[in-house]
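Chains as they are written, first to last, in my numbering: chain A, 7 to 112; chain B, 13 to 126.
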């Protein structure tokens with residue numbers, strides 16, 4: 007059975023304090039690993055897709071990396087507007103993890 | 013910037029009633045999806061639709077559910093006889109066929125079954 011586990015469930019950081027979110031997965035066919043951002047009461051917003059181990063993608067303060075068993079979303083010098091729930095999904099985006107609720111305090 | 017739209021934003025219905033949730037995908041997209049998210053839980057895949065037929069569905073998508081593309085712009089999810097446990101946020105998503113699998117999600121319809 008496909009499984010996606012995200013950790014930590016919640017993370018509170020000070021503005022400027024860098025950290026990483028983890029997404030570990032067990033899946034029969036990866037078909038890409040996706041990162042989304044979800045704000046309260048809204049639909050997920052696409053951030054990145056990673057297809058093969060060693061691949062990296064960057065966007066502003068976010069950088070996603072992929073290994074054969076997990077992916078990391080690194081957040082560098084975050085700002086309060088980065089506060090959101092970050093979702094990881096595999097199997098072409100069809101199987102989601104529960105997300106990491108990130109709060110950046112000013 | 014093109015976006016996925018969904019109507020209504022909030023639907024309240026009584027148990028046993030039929031509901032239809034509507035979505036307008038991004039115009040040049042050809043893959044369409046429905047997901048649901050029960051409050052406080054993870055996003056769950058329901059169904060994907062391509063070339064006027066279901067391409068994949070989850071165990072959640074049983075005979076109570078159906079999807080349709082009634083015209084060139086709308087994509088609908090019908091729940092025939094709603095149950096209390098159908099209360100959730102329902103998201104529509106779409107993507108191109110360019111080989112990039114990134115899906116673009118709508119703002120969701122909050123369905124409340126009483």
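Heads up, the beta-carbon is just placed ideally off N, CA and C, and yes, glycines get one too.
- For the 8 angstroms CB-CB criterion, residue 109/A and residue 43/A do not form a contact.
- Contact of residue 112/A with chain B by beta-carbon distance below 8 angstroms is absent, the smallest such distance being about 26 angstroms.
- In summary, the residues of the region 96-114 of chain B whose CB is separated from some CB of chain A by less than 9 angstroms are 101, 103, 104, 105, 107, 112, 113, 114, in the order they occur in the chain.
- Between the region 44-52 of chain A and the region 21-31 of chain A, the count of C-beta pairs closer than 8 angstroms stays below three; the two stretches do not touch.
- DSSP places residue 87/A in the helix class (H, G or I) of the three-state scheme.
- Below the 7 angstroms Cβ cutoff, chain B contributes 55, 117 as neighbours of residue 50/A, in chain order.
- In this structure, the alpha-carbon of residue 81/B lies about 10 angstroms from that of residue 36/B.
- Between the alpha carbons of residue 69/B and residue 44/B lies a distance of about 12 angstroms.
- A direct Cα-to-Cα measurement between residue 74/A and residue 93/B gives close to 43 angstroms.
- Residues of the same chain with a CB within less than 6 angstroms of the CB of residue 122/B, apart from the 5 flanking positions on each side, are 22, 101 in chain order.
- Near chain B, meaning a CB-to-CB distance below 9 angstroms, the residues of the region 93-110 of chain A are 93, 95, 97, 98, 99, 100, 101, 102, 103, 104, 105.
- Restricting attention to 20/B, 120/B, 76/B, the CA atom closest to the CA of residue 97/B is found in 76/B.
- Per DSSP, residue 16/A is one residue of the beta strand (DSSP E) stretching across 16-20.
- In the three-state DSSP reduction, residue 97/B falls in the helix class (H, G or I).
- Judged by beta-carbon spacing, residue 8/A lies within the 8 angstroms limit of residue 34/A, meaning their Cβ atoms are closer than that value.
- Under the three-state reduction of DSSP output, residue 59/A falls in the coil class, being neither helix nor strand.
- Using beta-carbon distances, residue 28/B does not count as an interface residue toward chain A, since no partner is under 8 angstroms.
- Residues of chain A with a Cβ closer than 9 angstroms to the Cβ of residue 120/B are, in chain order, 47, 48, 49.
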